[in-house]
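Input: a single structure, listed below in structure tokens.
Quick look at the structure:
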């Protein structure tokens, strides 16, 4: 995890004495005094960095005042991580606690993964020529395919979701949530909702799906590769500038962990792909789409959405046009997420200025969804 950590925000502090006592009992071998810092990103579950001696761990708990259910269900995440660990790149789960006497809410602790998380703009000291950007895209897409290829029943996750009717339930659910959160200054999306309801695809099977799979939820490791033999004075440009993985040769990327599983379930994997495509803003997208970009998908060498789809559906009987419904759904879903946040800002439930212009993002997503209905974007 690459976010800068800082002291816990007011009102989100943890009881150090009780937590330290619990950790030393639950996780053998811990020594030293507990230090707690907080990761600043995210708007849902609270995430903390724990340090004890030489050991670093990550703790996740629901927001204060929230009952531990649905998206804030710590036990559900804990079960999933235990099922996936060893079969798929996730942090190693260490301890789960449902005793309210410790922190007042259920929480779990996992190992801290060290690596690179790519956000809207890559770190300034990271050298990313186009061929390496393409490699990152390949790793990201292939890991997504690998997730969907897992046998979730063999992993003990047969009861983790309800895949029958999943697509229709998602369309109906997001239509309801959007209508409930709509404010007077955003479009109604009724044309998009009607199109989705009229174009429901046949069920194509079920898989374990992440539901928030994108660059900033994936941890990459940069590993040095052997440099080919060459004359002693021949320079070889490094992938990573000095101070970040420079090892005297080129480097390769490997996915070491996928994070933030709070929305995971068992459902149609193409719905998961559609949700990811909505976040994939490419360099030639209009400004209204650029404003919502969260990852480095605009860089020279980055895949276009069509290339993402082509790599994902390779060796299947699917065509890019088969993905149109899922892309439109992804854009509508993203608009619903943004509008739920904006609703809180509009009604004074939060003063976070980051949300001031989310209404414009919602309007832009409606225009994008309508264009996608006609074939744009893929």
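Numbering (the numbering used here), first residue to last: -7 to 370.
Just so it is clear, CB atoms sit at the ideal spot from N, CA and C, and this is done for glycine as well.
Under the three-state reduction of DSSP, which class applies to residue 170: helix, strand or coil?
Three-state result, residue 170: helix.
Backbone CA spacing between residue 24 and residue 214 [nearest angstrom]:
If I take the Cα positions, the gap works out to 31 angstroms.
Here's the rule I'm using: 16 or more other beta-carbon atoms within 10 Å means buried, otherwise exposed. How should residue 199 be labelled?
buried
When you compare only the Cα positions, how much space is there between residue 356 and residue 15?
47 angstroms
Burial state of residue 277, where buried means 16 or more other Cβ atoms lie within 10 Å:
Residue 277 should be labelled buried.
Let's see if you can read the secondary structure: which residues bound the beta strand (DSSP E) around residue 128?
Residue 128 -> not in any beta strand (DSSP E); alpha helix (DSSP H) instead, spanning 122 to 141.
Close-in-space but distant-in-sequence residues of the same chain around residue 234 (CB under 7 angstroms, 5 per side omitted):
A caution first: residue 234 carries a pLDDT of 29, below 50, which makes its placement in the model unreliable, though a value can still be read off. None.
How about residue 6 and residue -1: are their beta carbons less than 8 angstroms apart?
Against a cut-off of 8 angstroms, the Cβ pair of residue -1 and residue 6 comes out as no contact.
From the DSSP secondary-structure annotation, give me the bridge partner or partners of residue 99.
DSSP, once it has assigned bridges, lists 89 as partnering residue 99.
Determine the burial state of residue 225: buried for a count of at least 16 other Cβ atoms within 10 Å of its Cβ, exposed for fewer.
Residue confidence is low: residue 225 scores 49 on pLDDT, short of 50, so the model does not pin down where it sits. Its coordinate-derived value is still stated next. Flag for residue 225 reads exposed.
Measure how close the beta-carbons of residue 286 and residue 111 come, nearest whole angstrom, since I'm counting them as under 8 angstroms.
Indeed, because the Cβ distance is near 7 angstroms, the residues count as touching under 8 angstroms.
What do you reckon, are the CB atoms on residue 370 and residue 298 nearer than 8 angstroms?
Judged by beta-carbon spacing, residue 298 lies within the 8 angstroms limit of residue 370, meaning their Cβ atoms are closer than that value.
7 angstroms CB neighbourhood of residue 332 in its chain, flanking five on each side removed:
169, 173
Please report how far the alpha carbon of residue 94 lies from the alpha carbon of residue -3, in whole angstroms.
The alpha-carbon atoms of residue 94 and residue -3 are separated by roughly 23 angstroms.
CA nearest to the CA of residue 147, picked from 125, 73, 132
73
Would you call the CB atoms of residue 82 and residue 249 closer than 8 angstroms?
yes
Check whether the Cβ atoms of residue 384 and residue 29 lie closer than 8 angstroms to each other.
No information on residue 384 is available, as it lies outside the stretch -7 to 370 that the chain covers here.
Quick one: complete beta strand (DSSP E) runs, 3+ long, within the region 244 to 303?
257 to 259
Can you give me the start and stop residues for the alpha helix (DSSP H) that residue 326 sits inside?
316 to 338
Touching or not, the region 260 to 274 and the region 100 to 120, by the rule of three or more beta carbon pairs under 8 angstroms?
no
Can you tell me the Cα-Cα spacing of residue 51 and residue 2, whole angstroms?
17 angstroms
Assuming residue 80 contacts residue 139 (C-beta within less than 8 angstroms), just tell me the rounded distance between them.
The distance from the Cβ of residue 80 to that of residue 139 is about 6 angstroms, consistent with a contact at the 8 angstroms cut-off.
Identify, in the order they occur along the chain, each residue of the same chain with its Cβ nearer than 8 angstroms to the Cβ of residue 350, setting aside the five sequence neighbours on each side.
330, 331, 333, 334, 337
Using the C-alpha atoms, what's the distance from residue 160 back to residue 22?
In a straight line, the C-alpha of residue 22 is about 48 angstroms away from that of residue 160.
Taking the straight line between their C-alpha atoms, what separation do you get for residue 178 and residue 275?
Here the C-alpha atom of residue 178 lies approximately 26 angstroms from the C-alpha atom of residue 275.
State the Cα-Cα distance for the pair residue 201 and residue 256, rounded to the nearest angstrom.
6 angstroms
Close Cβ partners of residue 269 (< 6 angstroms) along its chain, the five nearest in sequence each way excluded
297, 319, 322
Nearest-angstrom Cα separation, counted from residue 305 out to residue 101:
36 angstroms
Close Cβ partners of residue 206 (< 7 angstroms) along its chain, the five nearest in sequence each way excluded
268, 271, 286, 287
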